[in-house]
Amino acid sequence: MPVRDLDRLLRPRTVVVVGGDPAERAIRQSDRLGFEGEIWPVHPSRSTMAGRHVYPSLDDLPGAPDSAFVAVNRRLTVEVVRQLAGMGCGGAVLYASGFAEAGEEGAEIQERLLSGHRMPLIGPNCYGIINAVTGAALWPDVQGCRPVRSGPALISQSGNISLNLTMNRRGIDFSYVISLGNQSSVTTEDCLEHFAVRSEVTAVGIHAESIVDPVAFGRAALACRDTRTPVVVLKTGRSEEAERITSSHTAALAAPAAAYDALYERYGVVVAESIPDFMTTLGLLDTIGPIPGNRLVSLSCSGGEAALVADRSVRYPVTFPAFDPEHRERIAATLPQLVSITNPLDYHTFIWGDEPALERCFAEVVTGPFDAAMLVIDWPSEGNDDTDWWPTLRAFVTAADQSGRVGVIVSGLPESLPGLVRAFATERGLGVARSIDEALGGLAAAASWGQWLSGPPPSLHLPAGTWTGPAVTLDEPTAKAILSSAGIPVPDGVVVNGRSEDGPARLPRQLCFPLVAKAVGPAHKSRAGGVITGIADPEQLGTAIERLGRDGRQVLVEEQVTGAVAELLLSVSRQPPIGLVVTLGAGGTLVEWLADTTGLLAPVTRPELRRALHRLRIGHMLEHQVPGLVADPEPIREIIHRMTALLARRPDLTEVEINPLILTEEALWAVDALISTN
């Protein structure tokens, strides 16, 4: 859907509301926000609604409305949409439920909604839209927005989550709120692309149950990159139970959480795990923007708080570098001798309330090679004297302003930063976080986004493709033949009959001991005793073949790869609706126990692969075992490229997995392989 198609819908000058009480509530919400356009209520029997003349039918309207709020039953909604589209309406919000989320009958009714027109629809099964810049609220319930000139936009599939987030007391005032419901027409990615070019939208927060068109989402996220608009997502549906709820809630097509994580990683979208993290990160990125790295410094007047910052920081990809000796001396000169100069810094209370002294100390601290500075401070509760707290806050503002350093005010308790203090900080360009963990997570996100912005923009990823029917797993010899044809190194080997007297005689002479013998059969053969390694001579080989093939099963005999430095898991799979997803991690027989994997979208770039390896424990091991490989992981990327090309060339293949991919000092070998096909 072109960006221009949403203009009239989201920024209407004329609005029609169709229905009873929900329609009247929408009028009152627009009035509360100061909407100056025209609102035309339509109802067959009422004469007035919220102080306005009511039109008995759509045919009686004075013209084609820019936007419509439709709050009638699901079957009548279909007819109203048809009439609105015929009139040239710019778009409609559909409040009714009972469509695709309710089963086959509802899905058929939803299909009829879209038939015969191209008018953009929000919903059905949604709360609608709020434009806090113009005051247009096609919204049937209470909400906490207030008139603004600019601010973050919120896109959500959940009406109630949208409503609740507008009520936040964190000083985050949304410019737009869109509750999408079933996304039958207008999708998350449509809204994201629209907001990317709107100057009044300073950031975008997304609560996503699903993404309808992931490639379009990627295109929209890249448009946000062009305008340096941060995008933060709260993804629900990560557990199996949540996936089931998501499907019944908005008829969303769920993909594994790792696939969505790979999508967001590719396009620089920050992922939040909870609503508090989501709101803090959105607010921080909106206020402070990206930072170039993850080097932080923390200031507090308490050793306990400094220790707590240090303890919590190990959970996040941030660092608190020690002060170098010269810097430490300069800081020490601003403080009494009893103060120990460390990062995080406990500057004690010797200079508490002394604003000039605090300014000198803070200014010296933040001159170090840091990407951001934190001030941990909890404000007194209402009724207590806060006079001595203000000098500390003002001193930090001055230090951040004069140094150009990004600064964040952090409280230990959410309730310990009153609105007046938050407003004072944000108006002066400081970020605000209502817990140490939220601050560390938000600053880590700002660093990640900054590093993503500093690199080249990613290309659009490969779509998943479609297929029908159940997947079938190929046996290992067949899978390895396919890998070999794709240019992926596999050990030399041959399949022999299970009868021991025939086995060794059929081996080609070029196979060299030691050998490995594998029963040709299901995956996870090693767990079932289906693999024998270290075969040193023909006699041992005969015994191995007899044991593995006693039931007539074929046996794969291969040269054993020696000199292994590391074992990796590498797979490429189709994950609809997301795309071709690459899974990389520690491999071998303990892969499930190690749980050391990460996901990427194909095609994978060298910088993306480097970042992925740095996230993995196996990556840190490789830095020591194979110097230079993590810095330049081209050999691994080439294997990924060939696996990806194989799936792109073969639409019948649904997954290609190598486990383990053994790294030696000279080469990489696909020692075991699994390929699924439809």
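Residue numbers (our numbering): 324 to 1001.
By construction, the Cβ of each residue, glycine as well, lies at the ideal position given by its N, Cα and C atoms.
So, with DSSP's three-state summary, where would you put residue i?
i, result
"Gln725", "helix"
"Tyr670", "coil"
"Asn454", "strand"
"Trp992", "strand"
"His650", "helix"
"Arg375", "strand"
"Ile985", "strand"
"Ile855", "strand"
"Thr604", "helix"
"Pro679", "helix"
"His530", "strand"
"Val524", "strand"
"Val884", "coil"
Let me confirm a value: residue i is counted as buried when at least 16 other C-beta atoms fall within 10 Å, else exposed. Which label applies?
i, result
"Leu984", "buried"
"His943", "exposed"
"Phe522", "One detail in the question is off: residue 522 reads as Ser in this sequence, not Phe. Classification for Ser522: exposed."
"Leu1003", "Outside the shown range of the chain, which is 324 to 1001, sits residue 1003, and nothing can be said about it."
"Ser508", "buried"
"Trp772", "buried"
"Val637", "exposed"
"Cys835", "exposed"
"Leu736", "exposed"
"Pro958", "exposed"
"Gly951", "exposed"
"Val520", "exposed"
"Trp775", "buried"
"Gly910", "buried"
"Leu924", "buried"
"His784", "buried"
"Leu716", "buried"
With the cut-off set at 7 Å, would you say residue i and residue j are in Cβ contact?
i, j, result
"Val733", "Ala762", "yes"
"Arg469", "Asp389", "no"
"Val401", "Leu437", "no"
"Ala629", "Pro667", "yes"
"Leu681", "Ala718", "yes"
"Arg527", "Ala476", "Per the sequence shown, the amino acid found at residue 527 is Val instead of Arg. Yes; because the gap between Cβ atoms is below 7 Å, this pair is in contact."
"Asn448", "Gly504", "yes"
"Glu532", "Gly560", "yes"
"Phe422", "Gly429", "yes"
"Tyr418", "Pro463", "yes"
"Met966", "Val880", "no"
"Ala585", "Val377", "no"
"Leu871", "Ala889", "no"
"Val953", "Leu932", "no"
"Ser498", "Val456", "yes"
"Ala746", "Val755", "no"
Given this structure, state the Cα-to-Cα distance separating residue i from residue j, to the nearest angstrom.
i, j, result
"Thr489", "Met602", "11 Å"
"Ala459", "Arg548", "28 Å"
"Phe540", "Ser807", "35 Å"
"Arg938", "Arg960", "16 Å"
"Met372", "Gly778", "55 Å"
"Gly616", "Gly727", "15 Å"
"Gly853", "Asn820", "15 Å"
"Glu588", "Leu891", "21 Å"
"Glu915", "Ala996", "16 Å"
"Asp330", "Val341", "21 Å"
"Arg355", "Arg683", "47 Å"
"Asn707", "Ala656", "33 Å"
"Cys514", "Thr710", "46 Å"
Report the partner residues of residue i according to the DSSP bridge assignment.
i, result
"Pro364", "Val340"
"Val953", "Note: Val953 sits in no beta bridge, so no partner."
"Tyr499", "Asn454, Ala476"
"Phe392", "Val340, Val416"
"Thr313", "Since the displayed the chain opens at 324 and closes at 1001, residue 313 lies outside it and no answer follows."
"Glu978", "Ser896, Ser999"
"Val731", "Met697, Gly754"
"Thr796", "Ser999"
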